[in-house]
C-alpha cells in the first residue's frame, strides 16, 4: 500500500473527519490537512485528532497533497474539485465522498487543468449525526466504498485510490456513475424519502406513543434537510424511478388491505421479509 | 402492589415469555403457568425460566390463575379469552397483549360467562424476533403499555391490571380501543406496511449495496408475515386512513422532486426531521 506524505480533506465533518482519523490510524499519511470554511469546525477536527493541520485557505491546504478527498455537501463538490485541481500538484488524485455520482462526474469530465485527476468515490458509511466530533476511525470498516472511474482515468491511479479506501477498512466496488446512482436511489435515497414522509405524516400528539417500528423506519429522517435536498435533486431521475416502483408495490398492498385480499397481503409481506432477511440486521 | 399466587400466560413466545420472566423477577407471582399448543415451545419457555410450570391443557392451566394474559396471534385472542373465561375462577382478570384492540374488545363485549373480566392491553414492546428464547425480563422497562378498559370494567380491576404492567416496568396509558387503534395505525402498522413495501420493491441484486438507511427503514419487515397480516386486517380501517394520509405527503414530496421545487422539498424534509428529532433515537 502506498503511503502518502500529505493528504488533504476538504470539509471536515463526520465523513471527512473519519477519513482523517482512519488514515492516521492506518499510518497512511504523515500529514492530514483539514480544509474548511469555519475555524470552529477545523478546531473541532484537530482537537479530535482527525487532522494534523488545518487551514481555511484551500489553495495553500492542497499545495503539497498527493491525495485530496472533497467531503463537502453534494452541491459544492464539483466546484470544490475544480478549485483543488487548480492548486494541487499535477498528478494528485482528487476524489470525493458524495452520495451521488453521475452529475458530479459529468460536470468534471471537462474543464479541469491538464494533469488533474478526478475519480469519484462514495463510501457507504455515515449516520444521521453531523460533525467531526462524531468521527470514528472505524467508520469505514466492513462498509462498502463505491468508486466510479471513467475511461479517462488511468488504471494505476484508480488502483491507488481503491487501495486507499481498502486501507481504511472498506470493501471497494467499482461501478459506473449511472449504475451507482440507480442503485443508491433504491438503497439510500428512496428510504430517506419514505422515512421523511412517514415522520412528516405523523401528528405531534402521537409521538409519545411511537416505539421500535416507527423509530427504526424514520431514523434517517433526522438527517440534514438541505444536504438531503441536494442529494435527491442531484439524483432526481433515478430516485423518481425508484419511487415509482415503490409506489406500485405500495398501491398493491393498499388495494390488498382495502379489499381484504389476505393472500395478496401475505404475499407482499413475505416478499418484504425475504428481502429483509437476506441481508441480516 | 398485589402479589398473585398464580398467573397464567397463554402463548409463550417473545411477549408471553418476557411477561413471565419479568413477573418472576419482580416477585409478582409464586407460580407462572405457561400454556401453549406445542410442547417444544413450552420446553423452551421453561428452560429459559419464563414460567414455573407448563401445560398444553388450557382448562387446567388457568384453573387457579388470578390473572391470565393471552399472548396469541391477534386472530386467536378473542377465542382464547373465551376459552380462558370458561375455565378460570370467577373474578380472574383476563387480558391480552394484542397489537389491535377495537375488534378484540368488541368481540368480547358480550357472551362471556357471568363474572368473567376481560380488559384489553397492548404492551408497546417487542422485536422482529420470535420465540421465548429471545424473551427478556426488561422488555417492558421504560416502554408504554396501553390498557383499553370499557365502562363495563370495574375500576378496581382496571387498577390491578395497570399496577401489574407498571410492576413489569411499563408506563401505563389508558385509551379507548378506538383511540388505541387509530394511534397504533400511525405509529406501528403504517411503518410496517412501508418497510415491507420498500423491502419488497428492492431488487435482489441491490441487496449487497444496502447500508444503514435501508437497513433501519426496512428493519420491521423481518416480522412474521402471517402475524402482521392479522394485525393489518384487524386494524384495516385506521391503517387505511393512516396510509391515505402518508400517500398524500409522499405525493407532495414526489411532485416537489419531479418539478424540482427545492423549497417544497426542503419543507417536507424539515417537517420530517422536526418530528423525528422530537422523539430521540
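Residue numbers (the numbering used here), protein chains in the order written: chain A, 629 to 909; chain B, 629 to 909. C-beta: ideal position from N, C-alpha, C; glycine also.
When the Cα atoms are used, residue 893(B) and residue 878(B) turn out to be separated by approximately 11 angstroms. Taking C-alpha positions only, residue 820(B) is separated from residue 809(A) by approximately 26 angstroms. If only uninterrupted alpha helix (DSSP H) runs of at least 4 residues are considered, those enclosed by the stretch 653-713 of chain B are 667-675, 686-689. For residue 864(B), the neighbours in chain A by C-beta distance under 9 angstroms run, in chain order, 885, 886, 888. Taking 7 angstroms as the threshold, the shortest C-beta distance from residue 750(A) to chain B does not fall below it. The three-state reading of DSSP puts residue 748(B) in strand, counting E and B together. Here residue 818(B) has 867, 870, 871, 874 as same chain residues with Cβ atoms under 8 angstroms from its own Cβ, once five neighbours each way along the sequence are excluded. For residue 845(B), the closest of 708(A), 909(A), 629(A) by C-alpha to C-alpha distance is 909(A). Contact between residue 687(B) and residue 715(B) holds, since their C-beta atoms are separated by about 4 angstroms, short of 8 angstroms. Scanning the stretch 780-849 of chain B for uninterrupted beta strand (DSSP E) segments of 3 residues or longer gives 799-802, listed from N- to C-terminal end. Counting along the chain, no beta strand (DSSP E) covers residue 733(B); the unbroken alpha helix (DSSP H) around it starts and ends at 730-735.
Only 838, 839, 840, 841, 842, 843, 844, 845, 846, 847, 848, 849, 850, 851, 852, 853, 854, 856 from the stretch 838-856 of chain B bring a Cβ to less than 9 angstroms from some Cβ of chain A.
Of the other Cβ atoms in all chains shown, fewer than 16 fall within 10 Å of the Cβ of residue 684(A); this residue is therefore exposed. The C-alpha of residue 762(A) is placed about 25 angstroms away from the C-alpha of residue 632(A). Under the Cβ distance rule, residue 791(B) does not count among the residues neighbouring chain A, no pair being separated by less than 7 angstroms.
Shown here for residue 785(B): same chain residues with a beta carbon closer than 6 angstroms to its own, the five before and five after excluded, namely 721, 745 in chain order. Put simply, of 743(B), 723(B), 822(B), 880(B) the residue whose alpha carbon is nearest the alpha carbon of residue 777(B) is 723(B).
Using a 10 angstroms sphere on the CB of residue 646(A), the tally of other CB atoms reaches 16 or more, which defines it as buried. Neighbours of residue 830(A) in chain B, taken as residues whose beta carbon is under 8 angstroms from its own, are 814, 815, 903 in chain order. With a contact defined as Cβ atoms closer than 8 angstroms, residue 823(A) and residue 837(B) miss out at about 18 angstroms. Between residue 748(B) and residue 733(B), the gap from beta carbon to beta carbon is short of 7 angstroms.
By the criterion of a C-beta distance shorter than 7 angstroms, residue 788(B) is surrounded in its chain by 630, 721, once the five residues flanking it on both sides are discounted. Short of 8 angstroms from the beta carbon of residue 743(A), and not among the five residues preceding or following it, lie these beta carbons of its own chain, in chain order: 718, 719. For residue 637(A), the closest of 679(A), 728(A), 764(A) by C-alpha to C-alpha distance is 679(A).
The stretch 797-808 of chain B makes contact with the stretch 763-783 of chain B; the number of CB pairs closer than 8 angstroms reaches 3 or more. DSSP places residue 905(A) in the helix class (H, G or I) of the three-state scheme. Sixteen is the threshold: when 16 or more other Cβ atoms of the shown chains lie within 10 Å of the Cβ of residue 644(A), as they do, the residue is buried. For residue 662(A) against residue 674(A), the beta-carbon gap comes to about 7 angstroms, under 8 angstroms, which counts as contact. The three-state reading of DSSP puts residue 867(A) in helix, counting H, G and I together. Taking C-alpha positions only, residue 767(A) is separated from residue 887(B) by approximately 36 angstroms.
Taking all protein chains in view, the Cβ of residue 858(A) is crowded by 16 or more other Cβ atoms within 10 Å, so the residue is classified as buried.
For residue 764(B), there are no neighbours in chain A by C-beta distance under 7 angstroms, as the nearest C-beta there is about 13 angstroms away.
Interface criterion not met: the Cβ of residue 796(A) is under 7 angstroms from no Cβ in chain B.
One alpha carbon belongs to residue 652(B), the other to residue 727(B), and they sit about 24 angstroms apart. Spanning the alpha carbons of residue 790(B) and residue 669(B) requires a straight line of approximately 28 angstroms. Beta-bridge annotation (DSSP): residue 774(A) is paired with 750(A), 801(A).
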